[in-house]
Amino acid sequence: MMLGGSKKSSAGVVATVVVILAGIALTWWMLPQVKVESSDPAGVLSLGVGVVGTVAGVAGLAVAVRAACVQRTGELVAQSLTQSVIRLESAEYRQLLGGGSSALNGRIDLPFTVVSTSGVLSTSAAGTLETVADFFQRLSPGRLVITGTQTSPHGTSGTVLGNDAGTGKTILVLALLLQLADRRQPGERVPVRLTAAAWPGGELRAWLISHLISVYRLE
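Counting with this note's numbering, you get residues 1 to 219 for the letters of the sequence shown.
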């Protein structure tokens with residue numbers, strides 16, 4: 001991001017230098033074209049220098065303003081990304097809840113239970129949709145795998161792992177993401193949702209960069 005800003009600033013500086021040189025050339029061209037007395041060339045020359053100075057000042061101001069706009073700090077980029085995440089994922093959340101302007105604020109609160117792979121939990125072993133971010137932020141480390149309820153092929157709870165489609169996994173993920181994004185403080189990470197099925201292989205960092213550029217238009 002900073003590299004792109006440097007290139008644009010350099011281009012602005014080059015343009016300013018070109019304008020100044022063109023102004024000087026114009027001044028020298030004006031001198032022979034005008035029939036003046038011995039004292040008049042100084043007036044023409046000062047006029048040319050004044051014009052060049054004004055143009056250079058305006059061009060320099062434009063370069064400074066452009067540089068200030070382009071070279072955004074990391075926190076400003078993070079804030080912009082956070083708002084984009086909230087906007088896009090809120091739309092997805094509403095769609096999953098049936099659409100409509102009232103869907104996001106609808107009273108839907110799914111319960112969940114927790115199973116620890118280590119057998120040790122530092123927080124409550126259960127929670128709800130509305131408190132999932134509180135639960136997640138108490139985890140150390142902050143790692144969480146969301147699965148559906150284990151059911152038997154006959155649809156009753158049991159020990160046989162059946163089809164968990166439609167059990168609310170995506171809704172719970174989106175609720176967690178939106179809550180984390182909404183309470184994000186300066187300097188904290190920005191939650192971004194990635195779909196494992198969309199991973200093209202290779203480095204995860206490269207995949208994340210490509211996702212941020214294509215989905216959130218980061219440069």
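A virtual CB, placed ideally from N, CA and C, is assigned to each residue, including glycine.
Reduced DSSP category for Thr131 - H, G, I as helix; E, B as strand; rest coil: Numbered from 1 along the sequence shown, position 131 holds the residue referred to as residue 131. If DSSP states are grouped into helix, strand and coil, Thr131 belongs with the helices.
Need the endpoints of the beta strand (DSSP E) that Thr113 sits in, please. For this step, residue 113 is matched to residue 113 along the sequence shown. Per DSSP, the unbroken beta strand (DSSP E) holding Thr113 starts and ends at Pro111 to Thr113.
Presumed contact (8 Å Cβ cut-off) between Leu178 and Glu89, rounded CB distance: Taking the sequence shown and counting its residues from 1, one reaches residue 178 at position 178. Taking the sequence shown and counting its residues from 1, one reaches residue 89 at position 89. Indeed, because the Cβ distance is near 6 Å, the residues count as touching under 8 Å.
According to DSSP, is Val160 helix, strand or coil? Reading the sequence shown from its first residue, position 160 is the one you call residue 160. Bear in mind that the predicted position of Val160 carries a pLDDT of just 44, short of 50, making it unreliable; the figure below should be weighed with that in mind. Three-state result, Val160: coil.
How long is the line joining the alpha carbons of Gly201 and Val192, rounded to whole angstroms? Taking the first residue of the sequence shown as position 1, residue 201 is located at position 201. Taking the first residue of the sequence shown as position 1, residue 192 is located at position 192. For Gly201 and Val192, the distance between alpha carbons rounds to 18 Å.
Report the rounded CA-to-CA distance for Glu130 versus Ala206, giving the unit in angstroms. Counting from 1 along the sequence shown, the entry for residue 130 is found at position 130. Counting from 1 along the sequence shown, the entry for residue 206 is found at position 206. Going by the C-alpha atoms only, they are around 33 Å apart.
Proximity to Leu74 [Cα-Cα], best of Val190, Thr170, Ile86 and Tyr93: Counting from one through the sequence shown, the residue named residue 74 turns up at place 74. It should be noted that the sequence gives Gly, not Leu, for residue 74. Checking every option, the nearest Cα to that of Gly74 belongs to Val190.
7 Å CB neighbourhood of Tyr216 in its chain, flanking five on each side removed: As a position in the sequence shown, residue 216 is number 216, starting the count at 1. Excluding positions up to five away in sequence, the list reads Leu81 and Ser84.
May I have the straight-line CA-CA distance separating Val77 from Asp134, to the nearest angstrom? Residue 77 sits at position 77 when you count from the first residue of the sequence shown. Residue 134 sits at position 134 when you count from the first residue of the sequence shown. Answer to the nearest angstrom: the Cα atoms are 26 Å apart.
Among the candidates Ile146, Ser140, Gln137 and Ala126, whose CA atom is the shortest distance from the CA of Val173? Taking the first residue of the sequence shown as position 1, residue 173 is located at position 173. Checked all of Ile146, Ser140, Gln137 and Ala126; the closest Cα to Val173 is Ile146.
Output needed for Val132: all residues of its chain with C-beta closer than 8 Å, excluding positions within five of it in sequence on either side, in chain order. Locating residue 132 in the sequence shown gives position 132, where the first residue counts as 1. Cβ neighbours of Val132 beyond the five flanking positions: Phe112, Leu172, Ala175, Leu176 and Gln179.
Leaving aside the five residues before and after Gly142 along the sequence, list all residues of the same chain whose C-beta is less than 7 Å from its C-beta, in chain order. The count along the sequence shown starts at 1 and reaches residue 142 at position 142. So the list reads Phe136, once near-sequence residues are dropped.
Look up Gly165 in the DSSP assignment and say whether it is helix, strand or coil. By 1-based counting over the sequence shown, the position of residue 165 is 165. Correcting the residue type first, residue 165 is Ala in the shown sequence and not Gly. Here Ala165 sits in coil by DSSP.
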